[in-house]
Amino acid sequence: MKGISAPTIYVCTRMRVRKAKLLPREEYQRMLNMSLPEIIRIIEETSYKQEIDELGTTFKGIDHLEIALSWNLAKEYQRIQKITPGTLKQFTRAYLRYWDIQNVLTILRGKLHGEKTGRIREVLVPAGNLDKIVLDRLLAEDGPDRVVDALKGQRIYLVLAREYPAAKESGSFAKMENELYKQFYAELIAECGGDAGGRMFLAYIRLDIDIKNVLTLFRLRADKGGEDAKELYIPGGTITAADFSALATAQDYREFTDQLRAKVRTGPVVELLKSIETERPVHEIAALLVHVQMEQMEKLSRRNPFSIYPILVYLEKKKYEVFNLRALARGKQSNLPAETISKYLVI
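UniProt numbering applies: residue 1 is where the sequence shown begins, and numbers increase by one.
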């Protein structure tokens with residue numbers, strides 16, 4: 001195709017092939033009515049088989065499954081980075097730095113609460129700049145203070161050094177987590193550039209920021225405004241800082257959703273808000289927002305089939321497949337009813 005390189009056509013085509021092999025909605029519906037051993041047997045017959053077999057002599061049961069899922073996700077992300085060309089590779093790598101934040105926060109929380117190293121390692125996904133070797137070094141540190149010190153020289157260190165003491169004292173990582181995301185999104189926006197590819201990546205970033213800010217507002221309502229709203233706001237989306245603060249103080253639920261619809265300028269999010277007439281648990285709102293985000297990303301991917309969008313769609317869908325399988329397994333292990341587990345799935 002004119003103006004589009006062969007490597008770009010190749011990698012975008014490969015992403016669509018990979019996406020087609022992900023588990024369909026009907027399979028999750030079927031697994032909801034199965035026992036945990038039956039679910040594990042099905043997973044063993046999918047793309048996760050290699051990791052499950054490799055870890056079979058070291059780990060057992062649900063821990064075995066969790067680590068296999070995380071390993072598979074990390075290896076898949078690493079493979080995609082290798083085959084992605086040019087600026088698409090730059091954007092993909094930048095996007096995957098999200099996992100550095102997730103992994104470091106997981107390690108810090110685990111260390112703070114005295115979790116065993118093996119249990120923390122199960123849920124790490126070494127897909128960002130911090131690879132498995134670096135993460136293992138962090139896991140070997142004596143406590144969370146030493147983990148922060150060991151990150152000197154990394155992108156996230158300055159934010160951690162500034163925010164961690166207060167987070168440790170308060171027992172809440174919410175503000176520190178948001179400060180890390182503010183830095184992350186600011187860096188992504190700075191990397192976009194002014195060409196067509198950069199503008200497409202920027203559109204995705206703004207959508208992602210809007211989703212996170214909307215979810216934060218719902219969480220603040222659920223927590224009865226226990227935290228300073230303006231500290232949790234992430235710049236870069238369509239909601240302004242002033243509007244975010246005003247929305248966080250809205251008392252009546254209908255008033256809150258009406259104002260939010262007027263302030264957020266992302267069409268699919270506005271349509272979702274129209275359908276939420278009564279207050280719901282935050283995890284249900286989160287699942288609905290993710291569904292809206294993925295639908296919008298699919299539309300953008302169809303309109304721009306040889307761009308960053310097919311890559312981002314697959315990366316997100318693969319992430320949620322692992323999330324869903326983990327939720328299914330943990331839910332079954334805890335003997336939760338199928339109806340309860342289904343509310344946590346992103347399908």
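Glycine residues also receive a C-beta, built at the ideal position from the N, C-alpha and C atoms.
Query                                                                                                                                          : Result
Residue span of the alpha helix (DSSP H) that contains residue 291, given as start and end                                                     : 282 to 303
Whole alpha helix (DSSP H) elements within the stretch 66 to 137, 4-residue minimum                                                            : 86 to 96, 98 to 112 and 117 to 122
Element boundaries [alpha helix (DSSP H), containing residue 15]                                                                               : 6 to 20
Anticipated Cβ contact below 8 angstroms, residue 26 with residue 63, distance rounded                                                         : Contact doesn't hold; Cβ gap of about 28 angstroms is too wide.
For residue 41, the first and last residue of its enclosing alpha helix (DSSP H)                                                               : 36 to 44
Cβ pair residue 239, residue 263 closer than 8 angstroms                                                                                       : yes
Cβ pair residue 96, residue 120 closer than 8 angstroms                                                                                        : no
Cβ separation of residue 214 and residue 269, assumed to be a contact under 8 angstroms, to the nearest whole Å                                : 6 angstroms
Rounded C-alpha distance that separates residue 74 from residue 340                                                                            : 28 angstroms
Contacts around residue 132, its chain only, beta-carbon distance under 7 angstroms, and the 5 residues preceding and following it disregarded : 126
Any 3 or more C-beta pairs closer than 8 angstroms across the stretch 82 to 102 and the stretch 190 to 197                                     : yes
Under 8 angstroms between C-beta atoms of residue 106 and residue 130                                                                          : no
Environment of residue 137 [buried if 16+ CB atoms lie within 10 Å]                                                                            : exposed
C-beta atoms of residue 164 and residue 128 nearer than 8 angstroms                                                                            : no
Short Cβ contact (8 angstroms threshold) for residue 312 with residue 266                                                                      : no
Coil, strand or helix - residue 48 by DSSP                                                                                                     : coil
Straight-line Cα distance separating residue 338 from residue 33                                                                               : 7 angstroms
Three-state class that DSSP yields for residue 153 in the structure shown                                                                      : coil
Whole-angstrom distance between residue 4 and residue 171, CA atom to CA atom                                                                  : 50 angstroms
When 283, 162 and 169 are compared against residue 218, the one with the closest alpha-carbon                                                  : 283
CB of residue 248 within 8 angstroms of CB of residue 65, strictly                                                                             : no
Start-to-end residues for the alpha helix (DSSP H) that takes in residue 326                                                                   : 308 to 333
Under the three-state DSSP convention, the category residue 194 falls into                                                                     : coil
Residue environment, residue 18, which counts as buried when at least 16 other CB atoms sit within 10 Å                                        : buried
Segments of 4+ residues assigned as alpha helix (DSSP H) that fall wholly inside the stretch 169 to 256                                        : 174 to 191, 196 to 222, 229 to 232 and 241 to 248
Supposed close pair residue 300, residue 324 - CB separation, criterion 8 angstroms                                                            : Contact doesn't hold; Cβ gap of about 23 angstroms is too wide.
Spatially closest choice to residue 294 from 186, 304 and 347, by CA coordinates                                                               : 347
Extent of the continuous alpha helix (DSSP H) to which residue 340 belongs                                                                     : 338 to 342
Residue 267: first and last residue of the uninterrupted alpha helix (DSSP H) it sits in                                                       : 267 to 275
C-beta contact flag for residue 320 and residue 236 at 8 angstroms                                                                             : no
Beta-carbon proximity of residue 254 to residue 273, cut-off 8 angstroms                                                                       : no
Inter-residue CB distance, residue 143 and residue 168 (contact presumed, cutoff 8 angstroms)                                                  : With 8 angstroms as the limit, residue 143 and residue 168 do not qualify as a contact, their Cβ atoms being about 10 angstroms apart.
CA nearest to the CA of residue 93, picked from 333, 326, 308 and 334                                                                          : 308
Cβ neighbours of residue 241 in the same chain (closer than 6 angstroms, five flanking residues each side left out)                            : 233
Rounded separation between residue 276 and residue 317 - CA only                                                                               : 24 angstroms
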